[in-house]
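Input: a single structure, listed below in structure tokens.
Residue numbers (our numbering): 5 to 134.
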């Protein structure tokens, strides 16, 4: 497990570009740049599609420790193997889980979310660079 993941809800490609360019500029200036783990969701609906109640329960179960397998995780959760497998795959794509062999574990020690409530057109405006 490593660090923390930040989820940005309502972020834009321009925001991601600005974060990337800021890190490049800092690195070029000789600053030590810590890697950032940021996952951006276009909107709240997309975020909620990824973080269903069942998936949050799965994450909470893994916070207690890794599961030896998806089958063991499904048994611990009292859920169907196929559904748990699909949820693990989705959470792995989102950067929250990782698998080593058959073991399933959290990919980070924690996560935080930033919700951008500005209208979409305001988010598309140029983001000031650091």
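All C-beta atoms, glycine included, are put in the ideal place defined by N, C-alpha and C.
All figures in this text were calculated on a predicted structure; none of them were measured in a lab.
Roughly how many angstroms separate the alpha carbons of residue i and residue j, rounded to a whole number?
{"i": "residue 32", "j": "residue 23", "result": "14 Å"}
{"i": "residue 116", "j": "residue 11", "result": "6 Å"}
{"i": "residue 26", "j": "residue 34", "result": "13 Å"}
{"i": "residue 19", "j": "residue 87", "result": "33 Å"}
{"i": "residue 48", "j": "residue 42", "result": "16 Å"}
{"i": "residue 50", "j": "residue 98", "result": "11 Å"}
{"i": "residue 76", "j": "residue 100", "result": "19 Å"}
{"i": "residue 79", "j": "residue 119", "result": "34 Å"}
{"i": "residue 16", "j": "residue 45", "result": "8 Å"}
{"i": "residue 96", "j": "residue 102", "result": "6 Å"}
So what does DSSP say about residue i, is it helix, strand or coil?
{"i": "residue 69", "result": "coil"}
{"i": "residue 190", "result": "Past the edges of the chain, shown from 5 to 134, lies residue 190, and the structure says nothing about it."}
{"i": "residue 117", "result": "strand"}
{"i": "residue 8", "result": "strand"}
According to the neighbour-count rule (16 or more other Cβ atoms, all chains shown, within 10 Å of its Cβ), is residue i buried or exposed?
{"i": "residue 71", "result": "buried"}
{"i": "residue 59", "result": "buried"}
{"i": "residue 91", "result": "buried"}
{"i": "residue 130", "result": "Per-residue confidence for residue 130 stands at a pLDDT of 47, beneath the threshold of 50, marking its modelled position as unreliable; no derived number is given."}
{"i": "residue 56", "result": "exposed"}
{"i": "residue 36", "result": "exposed"}
{"i": "residue 52", "result": "exposed"}
{"i": "residue 28", "result": "exposed"}
{"i": "residue 134", "result": "Interpretation of residue 134 is limited by its pLDDT of 46, a score under 50 that renders its predicted location unreliable; no figure is taken from the coordinates."}
{"i": "residue 14", "result": "buried"}
What residue range is occupied by the uninterrupted beta strand (DSSP E) comprising residue i?
{"i": "residue 104", "result": "101-104"}
Over the uninterrupted alpha helix (DSSP H) stretch that includes residue i, give me the two end residues.
{"i": "residue 108", "result": "Not the alpha helix (DSSP H): residue 108 falls in the beta strand (DSSP E), residues 107-110."}
{"i": "residue 55", "result": "It is not in any alpha helix (DSSP H) - residue 55 carries neither H nor E in the DSSP assignment."}
{"i": "residue 92", "result": "85-97"}
Hey, residue i and residue j are a contact pair by Cβ (cut 8 Å); roughly how many whole angstroms apart?
{"i": "residue 112", "j": "residue 8", "result": "6 Å"}
{"i": "residue 54", "j": "residue 94", "result": "6 Å"}
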